[in-house]
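Reading through the structure tokens given below for one structure.
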Amino acid sequence: MLEKIDGFAYILGDDINTDDIVPSHTLTMRDTHEMAKCTLEFIDPHFAKNIDQGNIIIAGENFGTGSSREEAVNVFKVLGIKAIIAKSFARIYFRNLINLGIPGITVNWNEKTFSKGDNLEISLKEGLIFNKTKSSKLEFEKLPKFLTKILEDGGILNQLKKNLEN
Amino acid sequence: MGYTIAEKILLDHSNLKEISPGQFIDCNIDFIMVHEQLGGRIHKEYEKLGIDYVWDPDKIFFILDHWVPAPTISAAQMHQDCRKFAEKYKFIHNFGYQLDKGICHQVLPEMGFSRPGMLIVGSDSHTTTYGAFNNLATGIGATDVSVVFATGKLWFRVPESFKIIMSGEFNKGVMSKDFILTLIGNISTKGAIYKSLEFHGQGAKTLSIDGRMTVSNMVVEAGAKFGIFLPDKKLETWLAKRTKEPYKLITPDKESVYEKILEYNLSEITPVVAKPSNPGNLARIEEVEGIEIDQAFLGRCSNGRMEDLQIAAKIIKGNSVDPKTRLIIIPASKEIYKEALQEGLIEIFINAGAAVGNSTCGPCIGGHLGVLGSEEICISSTNRNFKGRMGHPTSEVYLASPATVAYSALKGKISDPREVL
Ligand code: SF4
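Residue numbers (our numbering), protein chains in the order written: chain H, 49 to 214; chain C, 16 to 436.
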């Protein structure tokens, strides 16, 4: 997990909320894969289909604001999103990301830093995003040890399971 | 060095001797609330842990409220999953069968489970509501709930605190909803991410418990983790009616450190709305007056309490809802419903042409009992107006106080309640 993460940028704006990510009407669906098909449907109806072309989310301020619905992280997990980079995260959303084992990276960026489809390589260990397409580098503040440990363990439930077994 | 309320309570629930903002700590949880999320994700996650117990079945509060009674087959199945789980793990406070109770954030305090000094978490972002009772309460996701179920503990980042000093008193027609919408609009929906908001001053004391709950409910709309009121006589009187359990009132230390101090004179607050589609999209009522509405909704965990129904009834009494507007009123709990019945408020609403529903989240999440069609406009006493939140993605929601909602329903357009109060 702390080794390099390689993927393609998908750009979103500010204040993307949990209702945008998983619209309320999907919440009673029992099959997460069904639910995942509706991910971000009000913003980009083709998002779920074209996911291979953008599996690292780049977002603006306050990403994941709103509800505690963890589905808003889980659908990304199901779709194979490797990391989310945002200018800032909503509190519960950030917890849910880390708990489910998806790195949430907080860093400032602008239109020149990333374009849709850019090939990125992220090193959590070094706190570095390498934009291969643009040949540019962006440093970010590394996650505290406490959180990287959860990511390394593959999410907090895996960590807990290990602890319960010991 | 002194501690803020959040720091004091977190320290109290940790094994540490001292803490400071930014630190990651493990805390013991006093009480946890879960609703439909139990059947949504929690049960599947929990089963993965391979344990056949929960840490303390007496500290778990389980209620169904979002889709009640079940409006669709999928909601009904979700409820079944929830009930099975609650039975399997022998929850003591299991309200999976009583569909009449009401919305979690109203019922839990009414039953005396939200007391000063506690650390409470819930599978819902508006768990912050309980901060009105001088405790720490915040929302968590399904995986966090599983961790608490298994261990009774959870990790926290100690938040920085904001001190909000309130003075003065509201003028007629202005409510705590106008205050919290103003605050969110001023600091923006990202203005308090991860922060603990403490509400101080004489102004805070003038707010009823109902009004404080509205404020604490919506702090999460500014990104905050907690929204805490200081204790006073009003709180103790309220608690005396609901619980015999002991509790410890928490005040901040004199030398406590705040990242920001904001001051509000309540007499300067005027009726406002949050325009579509963001709770921070603040506008004075004068800027939106006259916008025609298709629906008006009074209810939800943000409002739908006695104070809200009383002011609405005062405005509505003897009048009729505009013929082209639908008014939906949902009391936040059965207790409130009964009280409103006894006071004759429900009759006033029905006579005016309102549809009064059983206590549930209902229209708030576009679930049932008043879902919006394409391009419809709704004025709502709720707390979120995200795109598609209450129905069709092209529908639009204006957030406002119960007084504004009630008067707008009569006029068929957004209207200033001060005209009639
Ligand atoms: S009333 Fe609305 S905001 Fe409150 S708990 Fe229910 S769905 Fe959430």
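The beta carbon of each residue, even a glycine, is placed where N, CA and C say it ideally should be.
### Message
Against SER89 of chain C, what residues of chain H qualify as contacts under a CB-to-CB distance less than 7 Å, listed in chain order?
### Response
THR76, MET77 and ARG78
### Message
By the three-class DSSP mapping on this structure, what secondary structure does THR153 of chain C have?
### Response
strand
### Task
Indicate, with yes or no, if ligand 1 has a heavy atom lying under 7 Å from the CB of ASP80 of chain C.
True, at least one ligand heavy atom lies under 7 Å from that Cβ.
### Task
State the Cα-Cα distance for the pair LEU31 of chain C and ILE66 of chain C, rounded to the nearest angstrom.
29 Å
### Message
Contact defined as beta carbons within less than 8 Å: I believe ASN334 of chain C pairs with ALA367 of chain C. What is the distance between those atoms, to the nearest angstrom?
### Response
6 Å
### Task
Could you pull the start and end residues of the alpha helix (DSSP H) that GLN113 of chain C belongs to?
First-last for GLN113 of chain C: undefined, no H or E at that position.
### Task
Run down chain H in chain order and give the residues with a C-beta less than 7 Å from the C-beta of GLY154 of chain C.
Using a Cβ-Cβ cut-off of 7 Å, GLY154 of chain C is close to SER116 and ILE140 of chain H, given in chain order.
### Query
MET93 of chain C touches chain H at which residues, Cβ-Cβ below 8 Å?
THR76 and ARG78
#### Entry: Contact list for PHE124 of chain H against chain C, beta-carbon separation under 9 Å
The premise fails here: PHE124 of chain H is roughly 13 Å from chain C at the closest Cβ pair, so nothing lies under 9 Å.
### Task
Return yes when at least one heavy atom of ligand 1 lies under 7 Å from the C-beta of ARG315 of chain C, else no.
yes
### Query
Expressed to the nearest angstrom, what Euclidean distance is found between the alpha-carbon atoms of ILE265 of chain C and GLU22 of chain C?
Our two residues, ILE265 of chain C and GLU22 of chain C, have alpha carbons roughly 11 Å apart in a direct line.
### Neighbour list for PRO71 of chain H in chain C, Cβ cutoff strictly below 7 Å
GLY403
### Query
Considering only C-alpha positions, which residue in the set H:ILE104, H:ILE198, H:GLY165 and H:SER116 is nearest to ARG139 of chain H?
Check the Cα spacing between ARG139 of chain H and each of H:ILE104, H:ILE198, H:GLY165 and H:SER116: the tightest is with H:SER116.
### Query
Are there 16 or more other CB atoms within 10 angstroms of the CB of HIS27 of chain H, so buried, or fewer, so exposed?
Any question about residue 27 of chain H goes unanswered here, given that chain H covers just 49 to 214.
### Query
Quick one: what does DSSP say ASP67 of chain C is sitting in, helix, strand or coil?
coil
### Task
Could you check which residue in C:GLU274, C:GLN113 and C:LEU196 has the C-alpha nearest to that of SER176 of chain C?
C:GLU274
### Query
What is the rounded straight-line gap between the Cα of LEU215 of chain H and the Cα of VAL70 of chain H?
Any answer about residue 215 of chain H is impossible in this case: the structure gives chain H only from 49 up to 214.
### 8 Å Cβ cutoff met for PRO378 of chain C and GLY388 of chain C
no
#### Entry: Proximity test, THR143 of chain C beta-carbon vs ligand 1 heavy atom, cut-off 7 Å
no
### Query
Taking 7 Å as the line, does the beta carbon of HIS120 of chain C fall inside it for any heavy atom of ligand 1?
HIS120 of chain C: yes, Cβ under 7 Å from ligand 1.
### Message
If I measure Cβ to Cβ from ALA157 of chain C and keep anything under 8 Å in the same chain, skipping five residues before and after, which residues do I get?
### Response
GLN52, GLY55, ARG56, ILE57, GLU60 and SER138
### Task
Indicate whether TYR440 of chain C and ALA219 of chain C have their beta-carbon atoms separated by less than 8 Å.
In the structure as shown, chain C starts at 16 and stops at 436, and residue 440 of chain C therefore has no counterpart that could be examined.
### Query
Quick one: is the Cβ of ASN398 of chain C within less than 7 Å of any heavy atom of ligand 2?
For ligand 2, the structure offers nothing, since it holds only ligand 1.
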